[in-house]
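**Student:** I am attaching a structure below and will ask some questions about it afterwards.
There are 2 protein chains.
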Amino acid sequence: MSSQPALAVSTVIFALRSDATGNLRLALPLVRRIRSPFEGRWALPGGPLAENESISDSAARTLAATTGLTPSYLEQLYAFGGLDRSPALSPDDPTPERVVSIVYWALVGSAEAEQTLASENVQWFFADELPELAFDHNLIVEYALWRLRNKVGYSRVAHGFLSERFTLAELREVYEAILGKQLDPGNFRRAVEASGAVVPTGERLGGTKHRPPMLYRYNSDFDLTDQGPLNPNRKTTGASA
Amino acid sequence: MSSQPALAVSTVIFALRSDATGNLRLALPLVRRIRSPFEGRWALPGGPLAENESISDSAARTLAATTGLTPSYLEQLYAFGGLDRSPALSPDDPTPERVVSIVYWALVGSAEAEQTLASENVQWFFADELPELAFDHNLIVEYALWRLRNKVGYSRVAHGFLSERFTLAELREVYEAILGKQLDPGNFRRAVEASGAVVPTGERLGGTKHRPPMLYRYNSDFDLTDQGPLNPNRKTTGASA
DNA sequence: ACAAAAGTGTTACTAATACACCCATGC
DNA sequence: GCATGGGTGTATTAGTAACACTTTTGT
Chain H
2 MSSQPALAVS TVIFALRSDA TGNLRLALPL VRRIRSPFEG RWALPGGPLA
52 ENESISDSAA RTLAATTGLT PSYLEQLYAF GGLDRSPALS PDDPTPERVV
102 SIVYWALVGS AEAEQTLASE NVQWFFADEL PELAFDHNLI VEYALWRLRN
152 KVGYSRVAHG FLSERFTLAE LREVYEAILG KQLDPGNFRR AVEASGAVVP
202 TGERLGGTKH RPPMLYRYNS DFDLTDQGPL NPNRKTTGAS A
Chain V
2 MSSQPALAVS TVIFALRSDA TGNLRLALPL VRRIRSPFEG RWALPGGPLA
52 ENESISDSAA RTLAATTGLT PSYLEQLYAF GGLDRSPALS PDDPTPERVV
102 SIVYWALVGS AEAEQTLASE NVQWFFADEL PELAFDHNLI VEYALWRLRN
152 KVGYSRVAHG FLSERFTLAE LREVYEAILG KQLDPGNFRR AVEASGAVVP
202 TGERLGGTKH RPPMLYRYNS DFDLTDQGPL NPNRKTTGAS A
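As given, the protein sequences belong to chains H and V, one line each in that order. The first sequence begins at 2 in the numbering used here and counts up by one. The second sequence begins at 2 in the numbering used here and counts up by one.
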């Protein structure tokens, strides 16, 4: 048996959190490394793949251990396996340990995420204000952000940040936070309604100082994800004729 | 050191090959398994990740070993790591060996692919006429096909099947083979030209029994791929405003 | 001249966008 | 009443698709 690289699973966990000015912004929890290499640096939560769990289970377990939350969305991002991902441990031991990381990305509800406690070794950062991370983790987060933004074809992924019932304005705010730009309320409403991804509950949300908005819920018999090669709910987009 | 799953790299290799009626169709090479489990069944080419190679190098090496060719496109597909991917080896040994497979997909030029020899244990199959494969490889191929078809946003990937200079009719044939439907020649020409992905060489292709078509080449200062989290040539698509 | 594919033009239709305006509630 | 966001209507624009037509070669 030849010596194979170690196998680890890490997760980029996204939530929306309000900043000081009350704006919703993308944020993610990071853990502080307590050993070499990169001791003291912030890094993505993760760990070795256990013997009796699937890769996605491992990602979910890491997520729960870090935040105490259950993901509302979880998808594989990429497997990183370059030879130069880890530096030598010390001048005495110039051979770095080879690690192949299978990275997932996840969404957790904003309501839940607001309540998670920061500890000395776990802390939330806004996605556009990250420090310099350990290993190639800055690159990984950047790629995860790109995937998240791309995957926001109306109403598949965004509801992962919301609770079961939500207004279209809340949904739009999620899109705006993810895409980093304003969306037209009227056009947004029509696009979402036309997609059929969302169904009106009878109820309206009261307590606002304006016309009470309708509450919607996600249409569950809609394919909510293509989380990789799972269910055959995929649709080929096709080119022009 | 806990016992970790073995790490393997497999590759779905696509080429275009003419069938009996002269039509171009998607095809891929498979290798026959010579040991349990699934002895005798066809499977994706691959093997264990070697100590001193990156994952993509391993995929390219497998590809060369199987077909003798160099890929014109190579991209990571997915990491498969479920617990139930491999059946028990025998009733005496009911514990299946756990394997995590990192799968790549690749394109090779059609001209080169036509010349590769079939041997008893390596054979090309048309993508829509696959036998029942070993492990979960049917699922994997299906997913790779879906990715290929999706990735055909005009002129990024299709030229991987062509030689350096090609006519727009040849390029269109590639699209038609990938998508499995006819495309309008006029609209196709306009779309490709507008994308800027292709530039006319001065030359025309002679020897046809009709008006000689212009030869084009791929525009090299165009981002030809987003092969995962590599170069920052990615573009966010964004939603409506 | 004819066939056959290259290459161009035009029209109809559909989706994207901008923005004006009415509606229902709290104060 | 007024302010505020919810919700609807609509005109303009841009992109897609269908298909007719002209051009250039070989035979």
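The beta-carbon is built from N, C-alpha and C at its ideal position, and this holds for glycine as well. Since the model is a prediction, treat every value here as computed from it, not as a measurement.
What does N53(H) touch in chain V if you count any residue whose Cβ is under 8 Å from its own?
**Tutor:** Per Cβ cutoff of 8 Å: L84.
**Student:** Please confirm if A112(V) has its CB atom under 7 Å from at least one CB of chain H.
**Tutor:** no
**Student:** Which class does A150(H) belong to by DSSP, given the choice of helix, strand or coil?
**Tutor:** Before going further, note that residue 150(H) is Arg rather than Ala in the sequence given. It is helical.
**Student:** Using three-state DSSP, classify R18(V) as helix, strand or coil.
**Tutor:** strand
**Student:** Starting from the N-terminal side, write out each stretch of the beta strand (DSSP E) that is 3 residues or longer and does not extend beyond the segment 164 to 201 of chain V.
**Tutor:** List check, beta strand (DSSP E) in window: nothing returned.
**Student:** Please classify Q211(V) as buried or exposed, where buried requires at least 16 neighbouring CB atoms within 10 angstroms.
**Tutor:** Before going on, a small fix: residue 211(V) reads as His here, not Gln. Classification of H211(V): exposed, given that the 10 Å Cβ count is below 16.
**Student:** Under 8 Å by Cβ, that's how I've got A119(H) and R26(H) pegged, so tell me the actual separation to the nearest angstrom.
**Tutor:** Incorrect: roughly 16 Å between the Cβ atoms, too far for contact.
**Student:** Going by DSSP, name the residue or residues bridged to G244(H).
**Tutor:** The displayed coordinates of chain H run from 2 to 242. Any statement about residue 244(H) would go beyond what the structure contains.
**Student:** Which one of R34(V), G23(V) and N220(V) has the shortest CA to CA distance from A159(V)?
**Tutor:** N220(V)
**Student:** For P230(H), would you say it is in contact with chain V, using Cβ-to-Cβ distances shorter than 7 Å as the test?
**Tutor:** yes
**Student:** Could you compute how far the alpha carbon of T244(H) sits from the alpha carbon of A107(V)?
**Tutor:** Any property of residue 244(H) remains undetermined from this structure, which presents chain H solely from 2 to 242.
**Student:** Count the other C-beta atoms from every protein chain shown that fall within 10 angstroms of the C-beta of V200(V), then say buried if there are 16 or more, exposed otherwise.
**Tutor:** exposed
**Student:** List, in chain order, every chain H residue whose beta-carbon is nearer than 7 Å to that of R193(V).
**Tutor:** The amino acid occupying residue 193(V) in the given sequence is Val; Arg does not appear at that position. Residues of chain H passing the Cβ test: none, with the nearest at roughly 10 Å.
**Student:** Given this structure, state the Cα-to-Cα distance separating P6(H) from I56(V), to the nearest angstrom.
**Tutor:** 11 Å
**Student:** Comparing the C-beta of I103(V) with each C-beta of chain H, is any distance below 7 Å?
**Tutor:** yes
**Student:** Can you grab the Cα-Cα spacing for the pair Q183(V) / Y176(V), in whole Å?
**Tutor:** 9 Å
**Student:** With a CB to CB cut of under 7 Å and the five nearest residues on each side skipped, what residues in its chain are close to D185(H)?
**Tutor:** none
**Student:** Check this for me: beta carbons of A9(H) and P49(H), under 7 Å apart or not?
**Tutor:** yes
**Student:** Can you say whether P46(H) is buried or exposed, counting buried as having 16 or more other CB atoms within 10 angstroms of its CB?
**Tutor:** buried
**Student:** Roughly how many angstroms lie between the CA atoms of I141(H) and Y105(H), to the nearest whole one?
**Tutor:** 10 Å
**Student:** Buried or exposed for Q124(V), going by 16 or more other Cβ atoms inside 10 Å?
**Tutor:** exposed
**Student:** Of the choices V32(V), R166(V), E204(V) and N151(V), whose alpha-carbon is the least far from that of A112(V)?
**Tutor:** R166(V)
**Student:** Quick check on this structure: which residue in D85(V), W43(V) and F127(V) has the alpha carbon closest to the alpha carbon of D20(V)?
**Tutor:** F127(V)
**Student:** Beta-carbon of I56(H) versus every beta-carbon of chain V: anything under 7 Å?
**Tutor:** yes
**Student:** Going by C-alpha to C-alpha distance, which of A135(H), N151(H) and T168(H) sits closest to G207(H)?
**Tutor:** When A135(H), N151(H) and T168(H) are compared, the shortest CA-CA separation from G207(H) is found for T168(H).
**Student:** How would you list, in chain order, the residues of chain H whose beta-carbon sits under 7 Å from the beta-carbon of A80(V)?
**Tutor:** Simply I56, Q77, A80 and I103.
**Student:** With a CB to CB cut of under 6 Å and the five nearest residues on each side skipped, what residues in its chain are close to H1(H)?
**Tutor:** This structure leaves residue 1(H) out entirely; chain H is present only between 2 and 242.
**Student:** Along the alpha helix (DSSP H) that carries L31(H), what are the first and last residues, could you check?
**Tutor:** It is not in any alpha helix (DSSP H) - L31(H) instead sits in the beta strand (DSSP E) that spans L25 to R33.
**Student:** So if DSSP puts E76(H) in a beta bridge, which residue, or which two residues, is it bridged to?
**Tutor:** W106(H)
**Student:** Taking only beta-carbon atoms, is L8(H) less than 7 Å away from chain V?
**Tutor:** Yes, L8(H) lies at the interface with chain V (some Cβ there is under 7 Å from its Cβ).
**Student:** Beta-carbon of Y74(H) versus every beta-carbon of chain V: anything under 7 Å?
**Tutor:** no
**Student:** How about N122(V) and R42(V): are their beta carbons less than 7 Å apart?
**Tutor:** No, they are not a contact pair.
**Student:** Per DSSP, what kind of secondary structure is L64(H) in: helix, strand or coil?
**Tutor:** helix
**Student:** When you compare each of I14(V), E76(V) and A65(V) to G229(V) by their alpha carbons, which one comes out closest?
**Tutor:** E76(V)
**Student:** Compute the beta-carbon to beta-carbon distance between G110(V) and S164(V), rounded to the nearest angstrom, for a pair I have assumed lies under 8 Å.
**Tutor:** 6 Å
**Student:** In terms of DSSP beta bridges, what is F81(V) paired with?
**Tutor:** Bridge partners of F81(V): S102(V).
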